[in-house]
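The numbers in our numbering rise by one with no breaks, and the one at position 692 of the sequence shown is 693. Built from N, CA and C at the ideal position, the CB exists for glycine as well. All values derive from a computational prediction rather than experimental measurement.
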Amino acid sequence: MMPSLLLPLSSKLTALRGVGSRRMELLSAAGFQTVEDLLWGLPYRYIDRGSITSVSDLRYGPGLDGDAVNVTLLGKIADLRQSTTRVKRMNITEALLCDDTGSVRLVWFNQPHLFRIIKPGERILVWGPLAHGRHGPEMRGPAWESFGFVNEAESDARDDLFIARFLPLYRRMGTLTGRMRQKLVALALEQADCSGVFLPSELSRGLPDTLTALRLLHNPPDECIAEDLEAGLTPAHQRLAMEELFAFALGVELRRSGRLTRRGEIIPTSVELRNKLKSFLPFRLTKAQRSAFKEIVDDLGAGRVMHRMLQGDVGSGKTLVAFLTMAMIAETGGQAALLAPTEVLARQHADTFAKLLGDERSFMRLLAGGMKAAERRETLEAIADGQARYVVGTHALFQEAVSFKKLQLVVVDEQHRFGVKQREAIKDKGLDPHWLVMSATPIPRSLALAIFGDLDQSVLDELPPGRQPARTRLLNPDQAEWAWDLVERELNNGRQAFVVSPAIDPSDETKISLRDIQAMEALLHARFQDVRITIAHGRLKSDELNARMAMFVSGEARILLATTVIEVGVDVPNATVMVVDHAERFGLSQLHQLRGRVGRGAYGGHFVMISKSENERLQALVETQDGFRIAQKDLEIRGPGEFFGTRQSGLPRFQVADLVRDRQLLARCREAAVDAVQQGLTDEQRIWLRQEQTRLKLAEIS
Ligand code: ADP
Ligand code: MG
Numbered sequence: 002m003m004p005s006l007l008l009p010l011s012s013k014l015t016a017l018r019g020v021g022s023r024r025m026e027l028l029s030a031a032g033f034q035t036v037e038d039l040l041w042g043l044p045y046r047y048i049d050r051g052s053i054t055s056v057s058d059l060r061y062g063p064g065l066d067g068d069a070v071n072v073t074l075l076g077k078i079a080d081l082r083q084s085t086t087r088v089k090r091m092n093i094t095e096a097l098l099c100d101d102t103g104s105v106r107l108v109w110f111n112q113p114h115l116f117r118i119i120k121p122g123e124r125i126l127v128w129g130p131l132a133h134g135r136h137g138p139e140m141r142g143p144a145w146e147s148f149g150f151v152n153e154a155e156s157d158a159r160d161d162l163f164i165a166r167f168l169p170l171y172r173r174m175g176t177l178t179g180r181m182r183q184k185l186v187a188l189a190l191e192q193a194d195c196s197g198v199f200l201p202s203e204l205s206r207g208l209p210d211t212l213t214a215l216r217l218l219h220n221p222p223d224e225c226i227a228e229d230l231e232a233g234l235t236p237a238h239q240r241l242a243m244e245e246l247f248a249f250a251l252g253v254e255l256r257r258s259g260r261l262t263r264r265g266e267i268i269p270t271s272v273e274l275r276n277k278l279k280s281f282l283p284f285r286l287t288k289a290q291r292s293a294f295k296e297i298v299d300d301l302g303a304g305r306v307m308h309r310m311l312q313g314d315v316g317s318g319k320t321l322v323a324f325l326t327m328a329m330i331a332e333t334g335g336q337a338a339l340l341a342p343t344e345v346l347a348r349q350h351a352d353t354f355a356k357l358l359g360d361e362r363s364f365m366r367l368l369a370g371g372m373k374a375a376e377r378r379e380t381l382e383a384i385a386d387g388q389a390r391y392v393v394g395t396h397a398l399f400q401e402a403v404s405f406k407k408l409q410l411v412v413v414d415e416q417h418r419f420g421v422k423q424r425e426a427i428k429d430k431g432l433d434p435h436w437l438v439m440s441a442t443p444i445p446r447s448l449a450l451a452i453f454g455d456l457d458q459s460v461l462d463e464l465p466p467g468r469q470p471a472r473t474r475l476l477n478p479d480q481a482e483w484a485w486d487l488v489e490r491e492l493n494n495g496r497q498a499f500v501v502s503p504a505i506d507p508s509d510e511t512k513i514s515l516r517d518i519q520a521m522e523a524l525l526h527a528r529f530q531d532v533r534i535t536i537a538h539g540r541l542k543s544d545e546l547n548a549r550m551a552m553f554v555s556g557e558a559r560i561l562l563a564t565t566v567i568e569v570g571v572d573v574p575n576a577t578v579m580v581v582d583h584a585e586r587f588g589l590s591q592l593h594q595l596r597g598r599v600g601r602g603a604y605g606g607h608f609v610m611i612s613k614s615e616n617e618r619l620q621a622l623v624e625t626q627d628g629f630r631i632a633q634k635d636l637e638i639r640g641p642g643e644f645f646g647t648r649q650s651g652l653p654r655f656q657v658a659d660l661v662r663d664r665q666l667l668a669r670c671r672e673a674a675v676d677a678v679q680q681g682l683t684d685e686q687r688i689w690l691r692q693e694q695t696r697l698k699l700a701e702i703s
C-alpha cells in the first residue's frame, strides 16, 4: 500500500475504504466518529484457545461442594426455555450447551430478554463458575458471547474461530455487535497511520509505537502472556496508557502554570484582623487547622489567584477553616460565597456561620430555593450592593441572575460536583475570585496530586481534641435485633437515631433480595410504635425535604430514615446512633463519611452496619477510623470511577489507563509534563493534545 493512502487517526471513519453510510450509521450510533475512537476501543477480554474445556473434561473445584472453579466452554445451544418460579416470582432462562463430548446446563436469573436473544442451534462461548446442579454440571449466570450458526459440515467449531491462539471479544454497542467491531477494527488497522503522536522520549523508551501497540492488542500474537494481556500489563498497554496519562497530566500542568500567572487581589493581614478573626472562634484551632489557614493566608497575600483544596477526614474541622477564610475577606471589604452541594447542607452551613458570627450575622445571607419573592429580592439586593459579605447557597448561585458587588472568594463544599466548566462560567461573568475547595472525602495523596494537581493542597490530618470515635459494629441480618435494641436504649436516653437504607432503583435485578425503604419504614414503625419517624429520600421536592430534615434537627422527629448519603450529611449532635442496612451497597469512604455523623456531640456514638455479604471489605471500618487509609482501600477495591462517583467525578474517560494500576506511570507522566510545559509546547504537540483531550473528554475535568 502506498504510504500516502494512510489515514491519520483523527480521520472520520467514513474515510476508510469499506465503511459506507450504512456502516457509518451503526458506528456513530455506538459513539465512534474517528478512526481513533474505534481503535482505542480495545477488546474487553481475550479467550485463550487453551483455556477452553470439553464437557467431558470438566472438574469441580477442590472444595466439598465444588467451590467455584471458572471454566470456559464452546458449544451449541439446545433445549432453550423460560419459566417463572412460584416463590418470589423469579424469571429463569435455561438451556443446554452441547459440545462433542457432552452437555452442561446453563441458567440465568431475571434476564428474560435472553430468551429472545439466544437462539437454539446457535454457537456460543460461555465462561463463569461451574456448580453442581440437580442434574449434573451447571453454570449459573455465565457470561457469554454468540458466534452465530455453523453448518454441520464444519466439523470442528473451534478452529474457524481461533485462527490465532487468542480470540478478542468486543462489547456490543447498541446494534453494533462485537463481531462487526472486530471486522471494522481490522479494516482500520490496515489503513491507519499513527504519526503525529507526541510522547517525550523518556516516556516512550522501551515501548512499541502507537500503531504497533494497537495491532498487538487487537490481534495478540500467540506468544503473549495470557495473564498480562488480561490484566492490562503488556508493554502495548503501557504505551497506550502512557499516551492517555501524559495528555491528562499535560492538561493539569497547563492549567496550573496558567493560574500561576493570573494576578489575584491581595488580601492584606494585620494585627487587628487577626484579633477580629480570633474573636469569632469558639475554640482553639487544632495544629492542622492553624497550618492550613496559614497556607491560605499566604496565598491570599501573594498577589496570585488562590486555587487550594482543603482535605481532611470527616470531623477534622474543614468548615471552620473555610469560615475563617471567608471572614478574612469579609473583614477587608470583599464578599465571599460558599457553595454547598445540596440545599439541606447550605442551610446547615448558614446556621453554623450565624452562630459563629453572633451579633454580626446580618452580614450573612442564605440564598435558597422556595424563598418568598420579597425575601428573595431583598437577598439579591444585599448581594448586589455588598451588604451581604457572606453568601451561602447551592450551585444555583452562579446559574441565576445573581450579581455580586465585590466577590473575592468562592468556597466550594465538595469538589466533585463542581468542575472546570462552572469555574469558567464564573470567569465569564468577569470575576476571577480566589478558590477554596473542600473535599468531602479524604483522597489518597498520590491520587489527589495527580487529579487535582492544578490545585494546591492543604490537609487536615488531625481531629479536634476529645473526640470519641464512634463504636463500630458489623452485624448479620439475623443479628439485627441487637441494633434495634441499641436504638431503643439511645432513644430512651433522649437521643436520636439515623437509619440508612440504600436507594434502590426499581429496575435493579438484584432487588428481590433487598429490603427497600418502604420495608424499612414498616419495620421501624412496628418496632418503635410511639416514636416519630421522618423519612428523607432523593425523590422529594426540596421544600418537603427541608421540612422533614428540620423536624429531625429540631428533635421533633426522633428517627431519621434516609436513602441518600447527602441527606444524612447534616450535623445533629443529639443523634448518637446510626444503623446502615445493606451496608454492602455502599463504598467504604461513603460509610466512613456516614459514620462521621454520629457521636459529634459529647455523648459518643454508635455506628452499626447490617450486611450479609462482603463482610471482609466492611470489616475495614471496624478496624480503623482513619479516613485516608479507608479511602486508599476503597480506591483499590472499587477503582477511581466508582470511588469518585462515576458521572459527576469529572474523571477522564481513559480507555486503557487505570489510575490505580498505572499510578507509577502517572507519576512519570507528571514529571514529564512539568518539563514539557516549562520548555513550551510546539504547535504539533498542541494539536495532538487537543485531539487527546477531545477523545478523553478532558476539558470537563475539575
Ligand atoms: P468536617 O467538615 O471537616 O467534617 P466540621 O467542620 O463539620 O468537620 O467540624 C466537625 C465538628 O468539630 C464541628 O462540630 C465543629 O464545630 C467542631 N470543631 C471544628 N474545629 C474544632 C476545634 N478546633 N476544636 C474543637 N471542635 C472543633
Ligand atoms: Mg463538613
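Measure the beta-carbon distance from L339 to A323 and round it to whole angstroms, keeping in mind my assumption that it falls under 8 Å. Here residue 339 refers to the residue found at position 338 of the sequence shown. Here residue 323 refers to the residue found at position 322 of the sequence shown. L339 to A323, Cβ: 7 Å. Contact.
So if DSSP puts R664 in a beta bridge, which residue, or which two residues, is it bridged to? For the purposes of this step, residue 664 is identified with residue 663 of the sequence shown, where counting begins at 1. The partner list for R664 (beta bridge, DSSP) is empty, contrary to what the question assumes.
Taking only runs that begin and end inside the stretch 300-383, name each unbroken alpha helix (DSSP H) of 4 or more residues, in chain order. Complete alpha helix (DSSP H) runs here, min 4: 319-332, 344-358.
So, A242 versus L697, is the Cβ gap smaller than 9 Å? Locating residue 242 in the sequence shown gives position 241, where the first residue counts as 1. Locating residue 697 in the sequence shown gives position 696, where the first residue counts as 1. Contact flag unset, no.
Rounded to the nearest angstrom, what separates E617 and N71 at their Cα positions? Taking the sequence shown and counting its residues from 1, one reaches residue 617 at position 616. Taking the sequence shown and counting its residues from 1, one reaches residue 71 at position 70. So the two alpha carbons sit approximately 22 Å from each other.
Quick one: is the Cβ of R285 within less than 8 Å of any heavy atom of ligand 1? Working through the sequence shown from its first residue, we reach residue 285 at position 284. At least one heavy atom of ligand 1 lies closer than 8 Å to the C-beta of R285.
Would you list the residues sitting across from T535 in a DSSP beta bridge? By one-based count along the sequence shown, residue 535 stands at place 534. Partner(s): L561.
Would you say the beta carbon of M439 is closer than 8 Å to some non-hydrogen atom of ligand 1? Counting from one through the sequence shown, the residue named residue 439 turns up at place 438. M439: yes, Cβ under 8 Å from ligand 1.
Reducing DSSP to helix, strand and coil, say where P130 ends up. Within the sequence shown, residue 130 is the residue found at index 129, counting from 1. P130: strand per DSSP, three-state reduction.
Pull up the distance between the alpha-carbon of D684 and that of A383, whole angstroms please. For the purposes of this step, residue 684 is taken as the residue at position 683 of the sequence shown. For the purposes of this step, residue 383 is taken as the residue at position 382 of the sequence shown. Taking the straight line from one Cα to the other gives about 48 Å.
Quick one: what's Y47 bridged to in DSSP? On the sequence shown, position 46 is the one that residue 47 refers to. Per DSSP, P169.
To which residues does DSSP link S459 through a beta bridge? Locating residue 459 in the sequence shown gives position 458, where the first residue counts as 1. Note: S459 sits in a beta bridge opposite L311.
Exposed or buried, what is N493 when buried is set at 16 or more other beta-carbons lying within 10 Å of its beta-carbon? Counting from 1 along the sequence shown, the entry for residue 493 is found at position 492. That one is exposed.
With H, G and I counted as helix, E and B as strand and the rest as coil, what does DSSP make of N575? The residue labelled residue 575 in the question sits at position 574 within the sequence shown. Coil.
Grouping DSSP H, G and I as helix and E and B as strand, with all else coil, what is A504? Indexing the sequence shown from 1 puts residue 504 at position 503. A504 falls in the coil class under three-state DSSP.
By how many angstroms is the C-alpha of V36 removed from the C-alpha of R24? Indexing the sequence shown from 1 puts residue 24 at position 23. Indexing the sequence shown from 1 puts residue 36 at position 35. When rounded, the separation of the alpha-carbon atoms in R24 and V36 is 13 Å.
Flag R630 as yes if its beta-carbon sits less than 9 Å from any beta-carbon of chain C, otherwise no. Considering every chain present, this structure includes no chain C. It has just one protein chain.
Who are the near neighbours of L8 in its chain, counting only those whose CB is closer than 8 Å to its CB and skipping five residues on each side? Along the sequence shown, read from residue 1 onward, the residue named residue 8 stands at position 7. The residues A16, L17, V36, Q192, A193, D194, in chain order, have a CB closer than 8 Å to that of L8 in the same chain once the five nearest residues on each side in sequence are set aside.
Reduced DSSP category for L17 - H, G, I as helix; E, B as strand; rest coil: Residue numbering aside, residue 17 sits at position 16 when the sequence shown is read from its first letter. L17: coil per DSSP, three-state reduction.
Considering D100, what are the terminal residues of the beta strand (DSSP E) in which it resides? If you number the sequence shown from 1, residue 100 lands on position 99. Element bounds for D100: 92-100.
Closer than 8 Å: is that where the CB of P574 sits relative to any heavy atom of ligand 1? As a first step, residue 574 is located in the sequence shown; it is residue number 573 there, counting from the start. Yes; taking the cut-off as 8 Å, the Cβ of P574 has a heavy atom of ligand 1 nearer than that.
Look up S104 in the DSSP assignment and say whether it is helix, strand or coil. Taking the first residue of the sequence shown as 1, we reach residue 104 at position 103. DSSP places S104 in the strand class (E or B) of the three-state scheme.
Under a Cβ-count criterion, where at least 16 other Cβ atoms within 10 Å of its own Cβ denotes burial, should T442 be classed as buried or exposed? Numbered from its first residue, the sequence shown carries residue 442 at position 441. In summary, T442 is buried, with 16 or more beta-carbon neighbours lying within 10 Å of its beta-carbon over all protein chains present.
Keeping to the same chain, check which residues put their C-beta closer than 8 Å to that of D704; ignore five residues upstream and five downstream. The chain is shown from 2 up to 703; residue 704 falls before or after that span and cannot be answered.
Are the stretch 330-350 and the stretch 442-462 touching, with three or more C-beta to C-beta distances below 8 Å? Touching, no.
Under the three-state DSSP convention, the category Q680 falls into: Here residue 680 refers to the residue found at position 679 of the sequence shown. Of the three classes helix, strand and coil, the one that applies to Q680 here is helix, per DSSP.
Mind checking whether V609 and L525 have CB atoms under 9 Å apart? The residue given as residue 609 occupies position 608 in the sequence shown. The residue given as residue 525 occupies position 524 in the sequence shown. Judged by beta-carbon spacing, L525 lies beyond the 9 Å limit of V609, meaning their Cβ atoms are not closer than that value.
Looking at ligand 1, does it come within less than 8 Å of T320, judged from the CB to the closest heavy atom? Mapped onto the sequence shown, residue 320 falls at position 319. Indeed, a heavy atom of ligand 1 lies less than 8 Å from the Cβ.
Distance CB(P169)-CB(P44) smaller than 9 Å: As a working note, residue 169 is residue 168 in the sequence shown. As a working note, residue 44 is residue 43 in the sequence shown. Cβ distance < 9 Å, so P169 and P44 count as in contact.
Express the C-alpha separation of E224 and H114 in angstroms, rounding to a whole number. The residue you call residue 114 lines up with position 113 of the sequence shown. The residue you call residue 224 lines up with position 223 of the sequence shown. Each residue's alpha carbon lies about 39 Å from the other.
Hey, V581 and I611: beta-carbon distance below 9 Å or not? On the sequence shown, residue 581 is found 580 positions in, with the first residue counted as 1. On the sequence shown, residue 611 is found 610 positions in, with the first residue counted as 1. Yes, the Cβ-Cβ distance between V581 and I611 is below 9 Å.
Give me the Cα-Cα distance between S52 and T73, rounded to the nearest whole angstrom. Translated into the one-based positions of the sequence shown, residue 52 becomes position 51. Translated into the one-based positions of the sequence shown, residue 73 becomes position 72. In this structure, the CA atom of S52 is about 6 Å from the CA atom of T73.
Note down, one range per segment and in chain order, each beta strand (DSSP E) of at least 3 residues found wholly within the stretch 434-483. The beta strand (DSSP E) runs lying completely inside the stretch 434-483 and spanning 3 residues or more are 435-439, 457-461, 472-476, given in chain order.
Rounded straight-line distance, which links the Cα of G304 to that of G265: Numbered from 1 along the sequence shown, position 264 holds the residue referred to as residue 265. Numbered from 1 along the sequence shown, position 303 holds the residue referred to as residue 304. Going by the C-alpha atoms only, they are around 5 Å apart.
If you measure from the CB of P470, is any heavy atom of ligand 1 nearer than 8 Å? As a position in the sequence shown, residue 470 is number 469, starting the count at 1. Flag unset: Cβ of P470 not near ligand 1.
Of the choices R540, V500, S543, whose alpha-carbon is the least far from that of E522? Along the sequence shown, one-based indexing puts residue 522 at 521. Answer by Cα proximity: V500.
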